[in-house]
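In the UniProt record's numbering, the protein residues as written are 1 to 290. In what follows, a structure is listed as structure tokens, so that the remarks can point back to it.
Now the structure itself:
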């Protein structure tokens, strides 16, 4: 419009006539869109976070932006997210309730910190094709990942050693939930947990959804890290996995936690072990040596 009027001269062609000839409404000439001055910088921040946390959606990115001092709502971030062609992850299906082996129903959400822990194994390979295993331990209430133990081989002795360390530094949970793998159902492990007064919860065979929290966590570990990394050595895998665990605990937000990270202050270990635990730990370690 301005080009046409400038070419013919403002005195020769009125705005009304030019709009009529071009088939435009005069209202389109009244207000020029104003792009907020900080928007290009905001877009750069969004792209930076999307690149750093490739599987985060716009809602989690919104929370991270707010932590950086931006006053934005999720609708604005979603608009810019789509404008830049970034991927919006699909919604996940609802999860079922959990069940004890005796048939009594247990809701997914525990009542307090250290009420229920879950643990499981995850498998992966280094670039040379050699397999390694990860023992993941999760506090279900806080969603905090207590450890990811990475070794070529992990067995029931490894489970005892790692649990002993966690119990000493953090405290003893009321329950611990797992599948029926031989490392978890070993008599030595069950007997030791019994002596430190931790109740074991075993899911039904072939029903991984009954241990939904740890399965979900393992899925995020694989989706956000393992599927996108090539580990040349076991040492490199340990370093990168531990770094991911720390980011998961201190940065990654959860909607079920009010858009907070599981452990914002990154403090996971705080409770001393009880006397029965110390005695049971010494006994278990002596048995392992023999």
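Note that CB positions come from ideal geometry on N, CA and C, so glycine has one too. The structure displayed is predicted, hence computed values, not measured ones.
message: Across the stretch 136-144 and the stretch 116-126, are there enough close Cβ pairs to call them in contact, namely three or more that are closer than 8 Å?
response: yes
query: My guess is that residue 372 and residue 170 are in contact by the Cβ rule of under 8 Å, so how many angstroms apart are they, rounded?
result: Residue 372 lies beyond the residue range present for the chain, which begins at 1 and ends at 290; the question has no answer from this structure.
query: From this set, 218, 204 and 164, which residue's C-alpha is nearest residue 195's C-alpha?
result: 164
message: On the CB-based measure, 16 or more other CB atoms within 10 Å of its CB, does residue 232 come out buried or exposed?
response: exposed
task: Could you please give the first and the last residue of the uninterrupted beta strand (DSSP E) stretch that includes residue 117?
output: 116-125
- prompt: For residue 199, does the three-state DSSP call read helix, strand or coil?
  reply: strand
field: Distance cut-off 8 Å: residue 113 Cβ against heavy atoms of the ligand ATP
entry: Because no ligand of any kind appears in the structure shown, any question about the ligand ATP cannot be addressed here.
task: Within 10 angstroms of the Cβ of residue 203, are there 16 or more other Cβ atoms? Answer buried if so, exposed if not.
output: buried
field: Residues bridged to residue 175 (per DSSP)
entry: 116 and 199
Rounded straight-line distance, which links the Cα of residue 75 to that of residue 66: 13 Å
- prompt: How should residue 85 be labelled, buried or exposed, when 16 other C-beta atoms within 10 angstroms of its C-beta is the threshold for buried?
  reply: exposed
- prompt: Does the beta-carbon distance from residue 183 to residue 216 come in below 9 Å?
  reply: no
- prompt: What's the gap between the Cα of residue 133 and the Cα of residue 112?
  reply: 30 Å
task: Hey, could you find the ends of the alpha helix (DSSP H) residue 21 is sitting in?
output: 15-22
- request: Pick helix, strand or coil for residue 191, following the three-state DSSP scheme.
  value: helix
CA nearest to the CA of residue 228, picked from 205, 124 and 131: 124
field: residue 159 - containing alpha helix (DSSP H), residue span
entry: 156-170
message: Buried or exposed for residue 187, going by 16 or more other Cβ atoms inside 10 Å?
response: exposed
- request: Consult DSSP for residue 214 and reduce its assignment to one of helix, strand or coil.
  value: helix
message: If you measure between the beta carbons of residue 43 and residue 53, is that distance less than 9 Å?
response: no
- prompt: Which two residues bound the contiguous beta strand (DSSP E) that contains residue 149?
  reply: 145-151
query: In whole angstroms, what separates the C-alpha of residue 250 from that of residue 161?
result: 26 Å
message: Taking the straight line between their C-alpha atoms, what separation do you get for residue 15 and residue 80?
response: 34 Å
Rounded separation between residue 56 and residue 21 - CA only: 49 Å
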